[in-house]
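Heads up, the sequence shown is in the numbering used here, so the first residue is 1 and it goes up one at a time.
No residue lacks a Cβ here, since even glycine has one placed at the ideal position from N, Cα and C.
To keep things clear, I will list the structure first and then write my remarks on it.
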Amino acid sequence: MLRQTKIVATLGPSSSDPAILRAMLTAGVDVVRINFSHADASALQLIALVRGIAEELNRPLAVMADLQGPKIRIGRFKDKSITLVEGQDFTLDCNASDLLGDTNEVSVAYPSLSRELSPGDHLLLNDGLVELQVKSIAHSKIHCSVVEGGVLSDLKGLNRKGGGLAARTMTDKDKRDLHTAIEAEVDYISLSFVKDAEDIRHTRALMTQFGKKIPVIAKIERTEALQYLTEIIQEADAIMVARGDLGVEIGAAEVPAIQKHIIGEARRLDKVVITATQMMESMISNPQPTRAEVSDVANAILDGTDAVMLSAETASGQFPVKVLSMVNKICLSTEKHASFYYHNTDETCHYHRADQAIAMATMHAANHFPIQAIITLTESGDTALWISRQQSTVPIIAVSANKRTIGRLCLAHNVFPVFMDYHSFAADTLNQHVLEELTKAGHLEKKNFVLLTRGRVIGTAGGTNSMEIIRV
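Shown next as structure tokens:
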């Protein structure tokens with residue numbers, strides 16, 4: 001049984017060894033994520049390594065560059081960490097970058113923070129484990145009282161409860177990392193702390209200056225993004241439900257319902273969606289997940305996510321291969337019993353592009369005729385993506401001569417990309433050659449029916465205008 005849900009794995013110290021990477025790809029990784037919060041230009045070597053292994057294994061693989069974004073962080077401490085006690089005073093200084101903190105104060109790497117806060121505001125640090133209340137503000141110093149104490153170590157994140165801090169998405173570090181990602185020819189750019197659609201347009205403009213156009217994933221992780229959710233989804237190529245910082249800003253109890261809403265809206269607007277953060281958190285240090293984590297992964301699949309993402313579990317955890325094998329099992333088991341709540345186009349819909357009409361007609365036929373697989377010859381990947389937005393268990397084999405398209409489709413639910421330079425085949429024997437190659441590779445079985453979509457003019461993006469039922 002083919003797994004329909006895609007798996008994104010973050011690379012890091014636990015997953016940089018060639019043998020581990022080979023085992024991870026064999027276990028089922030579809031997309032590798034480079035987290036530029038902890039990476040720089042040296043990531044080029046890791047990207048080249050994992051791509052080389054994928055090529056040896058003849059596995060399609062996408063690379064996602066996740067930019068850090070304007071995450072507000074505290075500075076460093078003299079002793080690496082401190083413990084704050086409920087009721088004590090603690091000061092944040094947003095204009096003292098050289099300050100090494102102690103139990104009385106620490107620097108914050110966001111100069112305008114003091115202008116954006118007011119007395120009474122609550123600040124959450126270290127993913128909400130430590131809470132401060134602002135008492136007074138004097139120039140660059142923010143004097144607080146500790147509401148919830150705990151351990152605080154170097155460079156931990158800071159959020160205002162309820163959101164609203166006005167940092168835009170693209171920092172100087174992000175611009176350097178974007179250049180590195182473009183140099184590596186990554187398949188996706190993941191944009192952190194998106195506030196509205198303008199953040200995405202700004203990133204696209206920067207890429208244009210570098211002469212590149214790479215699909216953008218918008219991470220929904222701040223309160224303001226929820227106000228502009230529809231316009232963000234419309235502007236982005238894909239969406240990530242980034243539950244960590246989102247949960248800190250809106251409260252953990254709100255996240256499950258918001259997750260369903262974001263996934264549903266992304267599906268309605270025909271966009272790919274990823275669910276991320278703490279999917280299998282306990283497997284960072286344990287060989288088995290909790291029952292709650294298994295249910296969390298399964299619930300995301302039932303919500304209609306295209307992909308689930310692992311972060312520290314594979315980047316720094318003790319069991320990167322085991323966690324991938326477990327997620328693979330959960331996906332396969334859930335998909336057997338799932339009735340996916342995907343957006344389905346009804347008969348009143350009208351289309352303005354021939355390739356979209358063909359995609360919808362193809363899925364209707366596949367669901368009402370004994371089809372083994374849908375074969376789509378695609379230049380841009382659009383036809384395969386549109387087909388994947390509809391409810392079906394029929395696998396979509398997306399054949400493309402464009403390696404960028406292969407990478408793009410690694411993230412789409414129920415799409416299995418296959419690289420094939422079919423441009424060299426004669427037009428009148430093209431279908432036959434493609435089916436023969438797919439059968440040789442084990443993707444198809446003889447004597448079964450398939451649906452094949454293509455354009456009559458090969459090599460033109462958006463040119464899909466035909467659908468044919470063929471017996472292999």
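Where residue i sits in the DSSP three-state scheme
i      : result
GLY247 : helix
VAL450 : strand
ILE82  : strand
MET24  : helix
ASN95  : coil
HIS443 : coil
THR10  : strand
LEU324 : helix
THR314 : helix
VAL273 : strand
HIS343 : Here the model assigns HIS343 a pLDDT of 48, short of 50, so the residue's position is not dependable and the matter cannot be decided.
ILE74  : strand
ALA122 : In the sequence as presented, Ala is not what sits at residue 122; that position holds His. HIS122: strand per DSSP, three-state reduction.
ASP17  : coil
GLU281 : helix
ILE470 : strand
ASP66  : strand
ARG160 : strand
GLU185 : coil
ALA307 : strand
GLY101 : strand
SER333 : helix
LEU132 : strand
SER388 : helix
SER380 : coil
ILE458 : coil
ASP174 : helix
ASP196 : coil
Identity of the residues DSSP links to residue i by a beta bridge
i      : result
PRO417 : ALA398
ILE137 : ILE142
ILE375 : ILE397 and LEU452
LEU191 : ALA218
ILE47  : Note: ILE47 sits in no beta bridge, so no partner.
ALA54  : Per DSSP, none; premise fails for ALA54.
VAL106 : LEU92
Residue i, enclosing alpha helix (DSSP H) - first and last residue
i      : result
GLU235 : 229-235
MET240 : Note, MET240: premise wrong, no alpha helix (DSSP H); beta strand (DSSP E) at 238-242.
ASN35  : No alpha helix (DSSP H) holds ASN35; the beta strand (DSSP E) holding it covers 31-35.
SER114 : 113-116
ASN299 : 291-303
GLU265 : 255-268
GLY479 : Outside the shown range of the chain, which is 1 to 472, sits residue 479, and nothing can be said about it.
ASP355 : 354-366
Contacts around residue i, its chain only, beta-carbon distance under 8 Å, and the 5 residues preceding and following it disregarded
i      : result
LEU155 : ARG73, ILE74, GLY75 and ARG76
ALA338 : ILE301 and LEU302
MET207 : LEU178, ILE182, ILE189, LYS213 and ILE214
THR405 : THR378, GLU379, SER380, GLY381, ALA398 and PRO417
LEU25  : VAL50, ILE53, ALA54, LEU57, ARG59 and LEU61
VAL327 : ILE7, GLY28, MET279, MET280, VAL297, VAL308 and LEU310
Identity of the residue in the options nearest residue i by Cα
i      : options                           : result
SER16  : ARG115, ALA427, PHE425 and GLY317 : GLY317
SER424 : VAL450, ARG454, ILE458 and SER325 : ILE458
THR275 : LYS219, THR314, LEU269 and ARG268 : LYS219
LYS446 : ASN431, GLU468 and VAL472         : VAL472
ARG454 : GLU183, HIS443, VAL434 and TYR188 : VAL434
PHE210 : LEU57, HIS179 and GLY163          : HIS179
GLN4   : VAL29, HIS202 and PRO370          : VAL29
VAL106 : HIS139, SER153, GLU116 and ASP127 : SER153
ARG432 : LEU411, LEU409, ILE396 and ILE469 : According to the sequence as given, residue 432 is Gln; it is not Arg. If we check each option's Cα against that of GLN432, ILE469 comes out closest.
GLY251 : ALA54, LEU124, VAL50 and ILE406   : LEU124
SER81  : THR290, ASN465, LEU100 and VAL255 : LEU100
Residue range of the beta strand (DSSP E) that includes residue i
i      : result
ASN126 : Element bounds for ASN126: n/a, residue is neither H nor E.
VAL151 : 150-153
Other residues of its chain near residue i: CB distance less than 6 Å, five sequence neighbours each side excluded
i      : result
HIS143 : THR91, LYS135 and SER136
GLY63  : Note that residue 63 corresponds to Val in the displayed sequence, not to Gly. Correct list, in chain order: VAL32, ILE47, VAL186 and ASP187.
MET309 : VAL8, ILE274 and ALA276
ALA65  : ILE34, ALA181, VAL186 and ILE189
Close beta carbons around residue i, own chain, < 7 Å, minus the five adjacent residues each side
i      : result
VAL146 : LEU84, VAL85, GLU86, GLY87, GLN88, PHE90 and LEU132
VAL294 : ILE330
ALA366 : ILE374, SER392, VAL394 and LEU451
TYR342 : Note on TYR342: pLDDT 48, under 50, position unreliable in the model; no value is reported.
LYS403 : PHE419
LEU269 : ILE233 and GLN234
THR362 : ILE374, ILE387, LEU451, THR453 and MET467
PRO370 : PHE449
VAL216 : ILE189, LEU191, ILE200, THR203, ARG204, ALA236 and ASP237
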